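Asks: Let me give you the structure first, and then I'll get to my questions.
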Amino acid sequence: MPQIFSKNANGVARFVIWGSCAVLLIAAAIGIILPRSGLVTGVGEPLAQPVPFSHKHHVGQLGIDCRYCHNGVESSSSAGLPATEVCMTCHSQLFTNADMLAPVRASLASGKPIEWQRVNSVPDFVFFNHAIHINKGVACETCHGEVDQMPLTMRAHTLSMEWCLGCHRNPQPNLRPPRDVFLMHWQPPADIDEIRRQLIGMLDIHPETMTDCYVCHR
Amino acid sequence: MSLYGLMAVFADPEALVAAARHMRERGYRRMDAFSPFPMNELDGILEIPKSRLPWVVLAGGIAGAALVYALIWYSVEVDYPINVGGRPLHSWPAFVVIAFEVGILGAAFAGFLGLLAANGLPRYHHPVFNAESFTYARGGRFYLLIEAADPKYRKGVTRGQLTRLGAETVEEVEA
Amino acid sequence: MSAIADDRPGPAIDIEALRKRLARGGEIWRSLDEIAGTAEFRRFVEAEFPAIAERLPAKPNRRTLLKLMGASLSLAGLAACSRAESIVPYVRQPEILIPGKPIYYATTLSSDGFGIGAIVESHEGRPTKVEGNPDHPASRGATDAVMQAAVLTLFDPDRSRTPLKDGEPASYGDFLKDMAALVSRWAASQGQGGALLVEATTSPTAAAQIDALRVRYPKLKIYRHDPLATPATEAVSRALFGSPLTPVYRFDRAEMILSLDADFLGEGPGRLAYVRDFAARRRVRDPSDRMSRLYAMESTPTITGAAADHRLAIKPSEVEAVAAGLNAALTGEAGDSRSPIDQVWMTALVDDLRAAGRNALVISGAHQGAFVQAAALSANAKLGALGNTVGLIEPPDALQVDGDVAALCEAIGDGGIDSVVVLGANPLHTAPAGLDAHKAFSSLKLLVHYGLYRDETAFLAHWHVPAAHELESWSDIRAYDGTRSLVQPLIKPLYDGKTTHELLAVLGGQFQTDPLALVRQHWAALDDDAWKKALRDGIVPDSAAKPVPVTMPSNLGGLSPAANATDGIDIRFVPDPWLRDGRFANASWLQELPRPLTKIVWGNAALISPATAERLKIENGRVINVASNGTSVDAPAWIVSGHPDETVTLSFGFGRKAGSVAALSEGHDAFLLRSAAEWMATGAAITPRENSARVISTQHHQAMEGRAIVRHASLEAFRRDPRFVRKDAPPSPKESLYPDWPYDREAWAMAIDLSACIGCMACVSACQAENNIATVGPEECERGHEMHWLRVDRYYAGPLDAPETLFQPVPCMHCEKAPCEVVCPVNATVHTHDGLNAQVYNRCIGTRYCSQNCPYKVRRFNFLEHQSFDKDEAGPEQGVHNPNVSVRSRGVMEKCTYCVQRISAKRIQAQIENRDIADGEVVTACQQACPTQAITFGDRNRKDAKVVREKSAPQNYALLEELNTRPRTSYLGKISNPNGRLAKPGEATDG
Amino acid sequence: MAEAGANSLDVMRGRHDFPEITGRIGSIVLKGRLPRHFWTAFFLCFLLVLLFLYSIIYLISVGVGAYGINMPVVWGTMISNFVWWIGIGHAGTLISAVLLLLRQPWRASINRFAEAMTLFAVAMAGLFPILHLGRPWFFYWLLPLPNVHMHWPQWRSPLVWDFAAIATYATVSLLFWYMGLLPDLAVLRDRARSRAAQLFYGILALGWRGSAYHWARYRIVYFLLAALATPLVVSVHSIVSLDFTFAITPGYHSTIFPPYFVAGALLSGFAMVLTIAIPLRWAFSVEDLITLRHMDNAAKLMIAAGMVVAYGYVSEAFFAWYSGEPYERAMMVQRAIGPYAPLFWLMLSLNCGVLQLLWFKRIRRNMPLLFAIAVAINIGMWIERYIIVVTGPSRDYLPSAWGEQSLTWLDFGILFGSIGTFFALVFLFIRILPAITIFEVEELAEEEGKLR
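Protein sequences appear in the order of chains A, B, C and D. Residue numbers for the first sequence, in the numbering used here: 88 to 305. Residue numbers for the second sequence, in the numbering used here: 104 to 278. Residue numbers for the third sequence, in the numbering used here: 173 to 1163. Residue numbers for the fourth sequence, in the numbering used here: 3 to 454.
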């Protein structure tokens, strides 16, 4: 009986076997890495906004406090976006006819709000509350990154459940005295570890209660 | 074209067994027999060493069970401890079930892959296929192969011996 | 999944967009099904909503329609909405408003024209939830099912949203032009030929405006049409005391109560207050506590009868005889031989009443004839109760009118009237069968209709003007006891609706008016601070009517039993408890809310007694023809234990086809059988038809099967053995295989007092409103797919014809050893540190194993896509969604969470203020709505907590405790107070 | 079927030589000369496959509410189909594995398609837990995969055990089956004339050449796999039964379930074996390889398993009464007189009544009759699973929540669709792979000395 397969068939077979194993491994690796990469999470990718608002200019250079525009952040679940009026309090004096600001003026005139693109978004089934974080010494910087370096606002962290839980399980490393939460580039003092240990007690923070599902999902 | 060995074809199993025994007694060592179905007698004659596959299977089983149990333990005790229906975190009776199943799975895979590895399969191209007479097409044919590499192999002599043992045909197989 | 997620200030635009899209919407409800056919619609749905597109037939089935209201709406408005997630700030942010924080306003909702105070929760300008106003006498912090649905009606896409001239959209300006013409004509003719048809109202401003109109047009006729009116009350007081008066009861003083066919727990503008006082007098925690006793004689099963210690079912036509008998007995005369109730009963009752003396209370149903009401008053007078438990005040809804709709039709017939302005009423649906309203009204020169919906009358009208919803209006209103309170808008009218006052002003010649000013100027007496205070508190301080001292004439004012008990079938008309006369027929929450006793949803049936059914060989669902003086209706029969024999109960409110939701529901229109404004008819006939019709009920099995589910006992039994709930009930295991988890912080727990629960269903409705619970429509309900997280089980115990009725609200028990959690393969339901049985919708994959393993069957599953959780596409009714609760998608299990969103809110507040959560700080929706305060909720770990005190009562027990599921929710056994000398209903049997 | 009266109950009738055996078995596959009714039957099955696909698409796009489930009975036909198919799967493994261990010679000629049957049945069964889900697209959440939302399976849930059991069972069966196929694939490779066939079978055969060394290891591993499959087969259906016994629902919560489910599995499994074997041996006239002896033994096993099942029914009822649990008792009474009573009694009459006919030798050897009985048992076993699934929850603890579910077209569309798909697969298998194990039959012939 003649050979059905040529000599190199064995080699081919071996290659196919090991090759497919390799492919599986690579696929698994991608499956693990991709969901955490910027491609999916959008970290570091600024969105086009109707008005190219620059936190770098307003926060970094002018040093306007976060709360001037996001005035709900201390008391409400929502930090709040500045009303057009708030923009115009200054821009009725400054850059009064800059093209860049045309949409803002139009909005005030027409009463139609400006439609911003959401940068730091979580799914609708996640109920995030700004007030509690601010009051318990979690700084804006901690989640939103160094916005004062952002000409256009971009995501600083994945905001994935994994990332949230990281802090909810062990908040201590991310705490700072509540009075400092609005500071950018905050330099922790030398005895920060001791301070944080005290903060956990003073602020009555109970990590064991912070991983309950309903803390975020209701 | 080097020579791989001599392939003798026998009509029925008994003949093959007899032939194999004779050649063995004549001191041939590098020989192999081929049959459409397993023939226990040959194991003794060819002195096929006892397979270690059973141990591989056992190892596979234990590994599967242990790994999955460890994973479960890690998930409930370390990674995300949750109070589920007031049950203890480490509810081992429930976890054993899964460990058992995965254990069986591991064992089965170990056995199958072990077999392929030990038998060097898949091997699509093999010298024996060069033998004109070698085929399972017409059902029961029983083959005895003496490799040319066998120290006692003498071209004419071996062929003669095989023919005398009642081989229907004896043919040279190229490597 | 949540409608408007917590952290976005979107809703501001929501309203804007809403108003825009609705302005363009045209009259949607008629176009719904047409639209649904169009290719454009298909494309939209296929793009936005594959689940439906797949199932969308050429003519969409009803349930799809119900769900599509939103979709087609958004088609009318924002067909071009994108997936891109954009967020919008305010242009001018109101100072008081911080996005993400709800604001609460006090206002007053009207119930059949009377005011019930409410606190409305508003998220970024969206009213989302109605709570009771604790300071308002008619609410006392409680609400009922209908009030809860106010927010739903507000956002109802079916509401009429543009003026219509002869059915075609027209501008309000054109309307004003025509009105100007009318006004000048009237001015010339002093209102000759003009008529105003108003519905029941207690608004002082409206009354003043109407009086002003009368002065302005002396010949203008004012008619009032209120299908649920009970004119006999006024007639009686006229006959007895010469002036119209209406009774106000003091249940906090009543020890011995006799109800002559009065459903004071379920009907009437004062019900919530009465319920509160009634329950308070019956709260027993200790053998030494006392409780009042209630005798009820009723002509149809009501929740009052269910709460009674002794209940007698009697034919409507026999009530007068009973009343006469009672009076005779009280005066010591020989018992009336015709009395349908046996002497033992009557003597026991009379002795009890006499013993209670001035603390006794005899109530007659407001719908009863003059004689019964007079008899009740005189009985109270004889007992000295008049002035103590019963007070008489001038009726808050007093309005001098020229007659009712019958009179109006007559006048039109005589040609005396050619132009009619209908304010709110819907005579073409609710007018008595006797008169041909359609003929009369269609003969008019001008018919103006003003109302929330484009209803039957609006179809006939030359002009239809959309009304503003009460949550959009400035007005004022009076409560059952006369208390005045203000109605303030929570939101700018979505559809440019006008308030009644604006309409009346227009008729008075003021065409451009400010709705606020109209009301404010009537209250000129209040200075601005007082006005603000009145707005803030929700009432005008001490504005309640003072009781009028009266003397009882001896001869009952010459009143005597009118109708004698005739043979033949009696008909008893009742308003549907939720839909009333049909005005709320388009509120899916109310359609799908099980009726307290029958548990029927999405329709009504002709209720009959088992004996009558047996005699006529009728089974449930068999269509019967009920004929009375000439007319007749077909309705499916429904057999109700404890219903009086030879009597059939028909309820108003159904059979309407105007409105997409109303059109879904089945049921008959009882108005077709009602001649004049009567509440009962005699000499009717029932003939069974061959066919049977669908009656959808949410509870199919009525008996407890001898299981210790609702554990109940009489007061004596309780005093003998305070721990009667343990008596011959299976023992509850104390030990468990598993170590107990520590709950060292909060441990939330609930106690439900079954003695207090009257089965009014307010809790269920409140739960639905709070937790974004979907309605599923009749087809799905029939298949057992309804979604209510909290159900009120109704069991019968004892004899079939006179059973004891037991209610049991069943929310999730939050078992500490929860069977549901162990079987979930994906950790979608787990325990929290404070002992909640949390349900994580976004993690659920819908194996439904948890429900399978829940012995209480309190879990609900989204079998189909019941509501859209896509903001862009969900339509205006998403405006009612609570932004703090996820809207659940198809294929996900859900259940009672102890209102975890409220717990979280309070905890965050407490944490921010660095303190513990105070007792009573967290209030669940059901608890807040409950008029009897049967539900207590709190932290079990606080020794001083109210819930701990409740649970330490001797009659506290857990449902199915023998299963050792360790429920956090427990029940207080039901204790009734029957008279020892009479048979105790259901005492021996069941439980 | 002529040999109805025959009394020789050999495992193999007549004398054969190897070429004849390979020839006959191999030609079915290679020459593809198949009777017309084979193709007619296949076409009918194909229509059912289309129905299956349509039903599945409908189910997934509309939602599980489209079939019969409701509150309180939230489990329905998807679960009973699942249990039914798994049960059918069991006979295959049992025949091939257990009978191999017990050295039962008669397994030889029927084990191959019995194993195939197992595979396809398990494949069908595997679909249903996914179709059962409210959100089927998330079924993979039952697996411990590394993900960004820290998602782990809840290992205490019997459904997760199921997942492991079914996956293992399917894989092991596949390996076992493929190992058995290797030598036969070699035969087909050598017989094949067309290049395509040569490559197809050649690649699958992995270059098997029947070396004595290979055979030695092959025997051991094949035997070990059988030894693994045996406890597996028992564990799998026990775990399936745990889905029910683990729950506290009356009618679910019963310790008798594991053994009684396994017995039920065997009963339905052998019923299905007969349902396939009887037409097969007749259609391809291999009555001398699949003999009356096989049919007879299968029938005997059926009655053995059937009696255990009957015992299961009895003890279930007995313990419901003996437990003194009011809930259990009420449920059992309701099962017998409640809304599902007709189904219940039908089930009993099929699984316990009809079964008894198999005591008679003449019925066991009457193929048409035996076939009819086998089909009846299949139906009865499906009903049994459905009864178990629905009666418990429809009559559980709180009477207020009592209720029944009513089946829709979708329930049947999916059930019959799956049956059609199953048979379609069986037909394909018969067409492209040897339905009878060549090498074992040859070995058998050798041992029985039936060589010419």
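Just so you know, even glycine gets a beta-carbon here, dropped at the ideal spot from N, CA and C. Computed from a predicted structure; not experimentally measured.
1. Which residue's Cα is closest to the Cα of V154(B): V223(D), P344(D), L348(D)?
2. Taking 7 Å as the threshold (beta carbon to beta carbon), is Q259(A) in contact with chain B?
3. For W810(C), write down the residues that DSSP places opposite it in a beta bridge.
4. Measure the C-alpha to C-alpha separation of H308(A) and W195(B) and round it to an integer number of angstroms.
5. Rounded to the nearest angstrom, what separates K756(C) and E628(C) at their Cα positions?
6. If the criterion is Cβ atoms closer than 7 Å, does the pair S536(C) and L432(C) meet it?
7. Beta-carbon separation of P747(C) and F843(C) under 7 Å?
8. Considering H884(C), what are the terminal residues of the beta strand (DSSP E) in which it resides?
9. List, in chain order, every chain D residue whose beta-carbon is nearer than 9 Å to that of R263(A).
10. Taking the C-alpha atoms as reference points, what is the distance between A528(C) and M428(C)?
11. Is it true that the region 749-764 of chain C meets the region 852-860 of chain C, where meeting means three or more beta-carbon pairs spaced less than 8 Å apart?
12. Between D806(C) and I796(C), what straight-line distance do the alpha-carbon atoms span, to the nearest angstrom?
13. Give the residues of chain A in contact with P225(B), contact being defined as C-beta atoms less than 7 Å apart.
14. Give the DSSP-derived three-state secondary structure of W750(C) in the structure shown.
15. Helix, strand or coil for I339(D), going by three-state DSSP, please let me know.
16. Using 7 Å as the limit for Cβ to Cβ distance, is L1036(C) near chain D?
17. For the region 464-500 of chain C, list the alpha helix (DSSP H) runs that are entirely contained and at least 4 residues long, ordered along the chain.
18. Please name the residues in the region 246-257 of chain D whose beta-carbon is closer than 7 Å to at least one beta-carbon of chain C, in chain order.
19. At a CB distance below 8 Å, what residues from the region 196-226 of chain A approach chain C? Give them in sequence order.
20. For E907(C), which three-state DSSP category applies?
21. Taking DSSP as the reference, what is the three-state secondary structure of L281(C)?
22. Does the beta-carbon of F362(D) have 16 or more other beta-carbons within 10 angstroms, so that it is buried, or is it exposed?
23. Do we get a CB-CB distance below 7 Å when we pair M349(D) with the residues of chain A?
24. Would DSSP call P264(A) helix, strand or coil?
25. Along chain B, which residues have their Cβ under 7 Å away from the Cβ of V93(A)?
26. Can a CB atom of chain A be found closer than 7 Å to the CB of V150(D)?
27. Label N257(A) either buried or exposed according to how many other C-beta atoms from any shown protein chain fall within 10 Å of its C-beta, with 16 as the threshold for buried.
28. Quick check on DSSP: helix, strand or coil for T176(A)?
29. Is Q156(D) close to chain C? Criterion is C-beta to C-beta, closer than 7 Å.
30. Kindly list, in the order they appear in chain A, the residues whose Cβ is closer than 7 Å to that of Q106(D).
31. Around the Cβ of Q1039(C), are there at least 16 other Cβ atoms within 10 angstroms (buried) or fewer (exposed)?
32. In chain D, which residues lie less than 8 Å from P122(A) when you measure between Cβ atoms?
33. Taking the CB atoms as reference points, tell me whether S847(C) and P604(C) lie closer together than 7 Å.
34. What is the C-beta distance between V231(B) and M134(B), in whole angstroms, given that I count them as a contact (C-beta under 8 Å)?
Replies: With the given structure in hand:
1. It is worth fixing the name first, because residue 154(B) is Ser in this sequence and not Val. The shortest Cα separation from S154(B) among V223(D), P344(D), L348(D) belongs to V223(D).
2. no
3. L779(C)
4. Residue 308(A) falls outside the range modelled here, since chain A spans only 88 to 305, and no answer is possible.
5. Here residue 756(C) turns out to be Phe, not Lys, going by the sequence shown. Computed Cα separation, rounded: 14 Å.
6. Less than 7 Å separates the beta-carbon of S536(C) from that of L432(C).
7. no
8. 884-886
9. Against chain D, a Cβ distance below 9 Å from R263(A) picks out nothing, because the smallest value is about 26 Å.
10. 6 Å
11. Touching, no, given that fewer than three Cβ pairs across the two stretches are closer than 8 Å.
12. 6 Å
13. A100
14. coil
15. Helix at I339(D).
16. yes
17. 475-479
18. F248, A249, I250, T251
19. G198, K199, P200, I201, E202, W203, Q204, R205, S208, V209, P210, D211, F212, V213, F214, F215, N216, H217, A218, I219, N222, K223
20. coil
21. strand
22. Sixteen is the threshold: since fewer than 16 other Cβ atoms of the shown chains lie within 10 Å of the Cβ of F362(D), the residue is exposed.
23. No, M349(D) does not count as interfacial toward chain A.
24. coil
25. Note that residue 93(A) corresponds to Ser in the displayed sequence, not to Val. Going along chain B in sequence order, the residues near S93(A) (Cβ under 7 Å) are H228.
26. yes
27. exposed
28. Of the three classes helix, strand and coil, the one that applies to T176(A) here is helix, per DSSP.
29. At least one chain C Cβ lies under 7 Å of Q156(D).
30. Chain A residues near Q106(D): none, gap ~35 Å exceeds 7 Å.
31. The residue in question, Q1039(C), is buried, as its Cβ has 16 or more Cβ neighbours within 10 Å.
32. N149, V150
33. Note that the C-beta distance between S847(C) and P604(C) is below 7 Å.
34. Incorrect: roughly 12 Å between the Cβ atoms, too far for contact.
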